[in-house]
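Inspection log for the structure reproduced underneath, given as structure tokens.
Chains as they are written, first to last, in my numbering: chain A, 27 to 191; chain B, 83 to 354.
Following this line, the structure appears as structure tokens:
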């Protein structure tokens with residue numbers, strides 16, 4: 027419970043930074059996806075069941091500040107989390123480039139899931155056209171933040187893995 | 083006689099000296115503009131000495147004041163630096179006030195052209211996602227807001243309120259992919275539907291035979307029930323007519339600069 031509160035608190039800090047602080051210092055398209063980075067960290071650290079709930083709660087939190095439809099991120103985030111958990115056991119936690127690469131690939135997968143859901147469930151005509159122009163800068167900035175956070179995140183992840191074992 | 087001179091020698095000497103000085107003074111009173119040989123000689127002789135003394139005094143004073151007497155300098159330097167910093171901050175604040183004043187004047191003069199009550203609001207946050215285009219404003223239900231109210235700036239339409247909290251509301255920008263507003267091309271009166279495409283809009287359902295050109299102004303038509311008629315949406319940037327099909331492809335650049343939104347106006351419902 028205590029860990030969950032810490033994760034949610036971190037999620038809120040990341041959210042506020044992303045909507046209010048980062049736009050002051052960075053152009054729109056260069057804002058890294060801090061919430062996705064947090065979601066990836068949860069995916070590497072937390073066990074399946076509490077992780078899915080956390081992903082869902084973080085998604086709901088994100089929905090408050092994203093788009094017009096509440097529930098999109100609350101649905102996509104646990105879906106993304108489950109996909110991540112499907113192959114997280116195969117990953118080499120000692121690789122220094124694991125986390126940045128996960129950030130980049132995770133961003134692509136997360137956006138693909140979002141676009142899919144927008145196409146299937148909403149009246150948005152061409153979401154990919156909207157996502158595409160900003161994807162590369164966001165990918166780069168998220169990758170850079172991933173590089174910066176890699177060592178500390180992986181240390182926490184290795185701790186979480188040994189706890190699980 | 084000799085005895086007498088000897089006796090009054092001192093008095094006579096002083097008297098003759100005084101007399102000669104008086105004569106000298108008297109003589110010089112008549113030619114004040116001229117410099118005597120004595121004066122010239124004394125000035126010439128004393129000049130290097132005086133200059134030397136003056137230079138030495140200056141040097142000593144300089145050393146004293148610049149290197150030795152520095153008791154308050156550090157304190158004063160710190161004080162001046164602090165003062166400079168404060169003045170810079172105040173200058174920056176004044177500059178911001180001036181710019182804000184200009185923007186608010188523009189908004190106010192625009193608000194006077196609208197026959198509905200308006201409420202100014204400050205943009206406080208942006209959308210967290212990469213695909214949606216929404217902003218957060220600092221007014222909510224406590225200020226009389228509700229979902230579906232149009233939001234504008236002096237340049238044109240911004241969006242509409244979609245989620246309202248007590249003191250904050252989310253505004254869906256007209257460039258969001260899920261936003262669509264009934265539109266009218268000002269010159270040709272062509273009707274259509276402007277749909278957001280991220281950073282631009284697309285005018286849908288504009289018939290192929292309509293004579294639309296780049297630069298045409300697109301306005302709200304007042305048909306959708308949200309925006310009043312005549313608010314500028316943007317300008318046509320590109321028109322494409324295919325070989326077949328009922329409609330033409332029309333791109334619109336929004337009039338409002340969504341990267342620099344700071345203050346907006348919410349058009350409230352007119353009192354019954």
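Where a beta carbon is used, it is the ideal one built from N, C-alpha and C, also for glycine.
As the structure is a prediction and not an experimental result, all values here were calculated from the model.
On the premise that residue 301/B lies in contact with residue 330/B, defined as a C-beta separation below 8 angstroms, what is that separation, rounded to the nearest angstrom?
On the second chain, residue 330/B is found 248 positions in, with the first residue counted as 1. On the second chain, residue 301/B is found 219 positions in, with the first residue counted as 1. Residue 330/B to residue 301/B, Cβ: 18 angstroms. No contact.
Going by the DSSP bridge assignment, what does residue 208/B pair with across the sheet?
What you label residue 208/B is simply residue 126 of the second chain in a count that begins at 1. 217/B, per the DSSP bridge assignment.
How about residue 312/B: is its C-beta nearer than 8 angstroms to some C-beta of chain A?
To locate residue 312/B, count along the second chain from 1; it is residue 230. Chain A contact via Cβ: absent.
DSSP has residue 331/B in a bridge; who is on the other side?
Within the second chain, numbered from 1, the residue matching residue 331/B stands at position 249. Residue 331/B is bridged to 322/B.
If we count the other Cβ atoms within 10 Å of its Cβ and call it buried at 16 or more, is residue 50/A buried or exposed?
Here the question's residue 50/A lines up with position 24 in the first chain. The residue in question, residue 50/A, is exposed, as its Cβ has fewer than 16 Cβ neighbours within 10 Å.
Kindly identify the DSSP beta-bridge partner or partners of residue 299/B.
Translated into the one-based positions of the second chain, residue 299/B becomes position 217. For residue 299/B, which the question treats as bridged, DSSP gives the partners 317/B.
At what residues does the beta strand (DSSP E) containing residue 286/B begin and finish?
Working through the second chain from its first residue, we reach residue 286/B at position 204. Start and end: 283 to 286.
At the 8 angstroms Cβ level, is residue 168/A part of the contact set with chain B, yes or no?
Stepping through the first chain from its first residue, residue 168/A is reached at position 142. Among the CB atoms of chain B, none fall inside 8 angstroms of the CB of residue 168/A.
To be precise: take each residue of the region 118 to 145 of chain A, compare its Cβ to all Cβ atoms of chain B, and keep it if any distance is under 8 angstroms. Which residues remain?
If you check each beta-carbon in the region 118 to 145 of chain A against every beta-carbon of chain B, the ones closer than 8 angstroms belong to 137, 140, 141 and 144.
If I'm right that residue 248/B touches residue 216/B with Cβ under 8 angstroms, what's the distance once you round it to whole angstroms?
Taking the second chain and counting its residues from 1, the one referred to as residue 248/B is at position 166. Taking the second chain and counting its residues from 1, the one referred to as residue 216/B is at position 134. The pair is not a contact, with the Cβ atoms about 18 angstroms apart (cut-off 8 angstroms).
Terminal residues of the beta strand (DSSP E) in which residue 244/B lies
Position 162 of the second chain holds residue 244/B. Counted as a single uninterrupted DSSP element, the beta strand (DSSP E) harbouring residue 244/B occupies residues 238 to 246.
What residue does the alpha helix (DSSP H) around residue 264/B start on, and which one ends it?
In the second chain, residue 264/B corresponds to position 182, counting from 1. No alpha helix (DSSP H) contains residue 264/B, which is instead part of the beta strand (DSSP E) from 262 to 267.
Select from 338/B, 312/B and 245/B the residue whose C-alpha is nearest the C-alpha of residue 91/A.
For this step, residue 91/A is matched to residue 65 along the first chain. Residue 91/A has its Cα closest to that of 245/B, out of 338/B, 312/B and 245/B.
When DSSP labels each residue in this structure, what does residue 342/B get in the three-state scheme?
Residue 342/B sits at position 260 when you count from the first residue of the second chain. DSSP places residue 342/B in helix when its eight states are reduced to three.
Taking just the CA atoms, how far does residue 283/B sit from residue 259/B?
As a working mapping, residue 259/B is identified with position 177 in the second chain. As a working mapping, residue 283/B is identified with position 201 in the second chain. Approximately 9 angstroms between the Cα atoms of the pair.
Mind checking residue 126/B: buried by the 16 CB within 10 Å criterion, or exposed?
What you label residue 126/B is simply residue 44 of the second chain in a count that begins at 1. Per the 10 Å Cβ criterion, exposed.
Cα-Cα separation between residue 118/B and residue 128/B, rounded to whole angstroms:
Numbered from 1 along the second chain, position 36 holds the residue referred to as residue 118/B. Numbered from 1 along the second chain, position 46 holds the residue referred to as residue 128/B. Straight-line measurement puts the Cα of residue 128/B at about 15 angstroms from the Cα of residue 118/B.
Contact residues within the region 208 to 237 of chain B, judged by C-beta distance below 9 angstroms to chain A:
Against chain A - using a Cβ distance shorter than 9 angstroms - the residues of the region 208 to 237 of chain B are 208, 209, 210, 211, 212, 213, 214, 215, 216 and 218.
Check whether residue 10/A and residue 172/A have beta carbons under 8 angstroms apart
There is no way to answer for residue 10/A, as the model of chain A reaches only from 27 to 191.
Check residue 31/A in the structure and name its three-state DSSP category.
The residue labelled residue 31/A in the question sits at position 5 within the first chain. DSSP, read as helix, strand or coil, puts residue 31/A in helix.
Buried or exposed, going by whether 16 or more other CB atoms sit within 10 Å of the CB of residue 171/B?
Taking the second chain and counting its residues from 1, one reaches residue 171/B at position 89. Exposed.
Inter-stretch contact at 8 angstroms, needing at least 3 Cβ pairs: the region 29 to 45 of chain A / the region 135 to 153 of chain A
Touching, no, given that fewer than three Cβ pairs across the two stretches are closer than 8 angstroms.
What in chain A is Cβ-close to residue 315/B, meaning under 9 angstroms?
In the second chain, counting from the first residue as 1, residue 315/B sits at position 233. One finds nothing in chain A with a Cβ atom closer than 9 angstroms to the Cβ of residue 315/B; even the nearest lies about 17 angstroms away.
7 angstroms Cβ shell around residue 118/A - same chain, five flanking residues per side excluded
For the purposes of this step, residue 118/A is taken as residue 92 along the first chain, with counting starting at 1. Contacts found: 124.
Check for me: the alpha helix (DSSP H) holding residue 129/B runs from which residue to which?
Position 47 of the second chain, counted from the first residue, corresponds to residue 129/B. Counting along the chain, residue 129/B sits inside the alpha helix (DSSP H) bounded by residues 119 to 145.
For residue 33/A, does the count of other Cβ atoms within 10 angstroms reach 16, so buried, or fall short, so exposed?
As a working note, residue 33/A is residue 7 in the first chain. Counting Cβ neighbours within 10 Å, residue 33/A comes out buried, since at least 16 surround it.
Taking only beta-carbon positions, decide if residue 320/B is within less than 8 angstroms of chain A.
As a first step, residue 320/B must be located in the second chain, where it is residue number 238. Not one chain A Cβ lies under 8 angstroms of residue 320/B.
Can you find the residues in the same chain that come closer than 6 angstroms, C-beta to C-beta, to residue 337/B, ignoring five residues on each side of it along the sequence?
Within the second chain, residue 337/B is the residue found at index 255, counting from 1. Exclusion of the five residues before and after residue 337/B leaves 237, 238, 314 and 316 as the residues of its chain whose Cβ lies within less than 6 angstroms of its Cβ.
In chain order, what residues of the same chain lie with their CB nearer than 7 angstroms to the CB of residue 169/A, ignoring the 5 residues before and after it?
Counting from 1 along the first chain, the entry for residue 169/A is found at position 143. Result list for residue 169/A: 126, 129 and 130, in chain order.
Suppose the cutoff is 6 angstroms on Cβ atoms and the five residues either side in sequence are ignored; what does the same chain contact list for residue 45/A look like?
Here residue 45/A is taken as the residue at index 19 of the first chain, counted from 1. Excluding positions up to five away in sequence, the list reads 91.
Cβ distance (whole Å) where residue 218/B is taken to contact residue 252/B below 8 angstroms
Against the second chain, residue 218/B aligns to sequence position 136. Against the second chain, residue 252/B aligns to sequence position 170. Rounded, the Cβ-Cβ distance is 6 angstroms, consistent with contact.
At a CB-CB cut-off below 8 angstroms, which residues of chain B make contact with residue 159/A?
Residue numbering aside, residue 159/A sits at position 133 when the first chain is read from its first letter. Ordered by position in chain B, the residues that pass the 8 angstroms Cβ test against residue 159/A are 280 and 281.
Could you tell me which residues DSSP pairs with residue 278/B in its beta bridges?
Locating residue 278/B in the second chain gives position 196, where the first residue counts as 1. Answer is 283/B.
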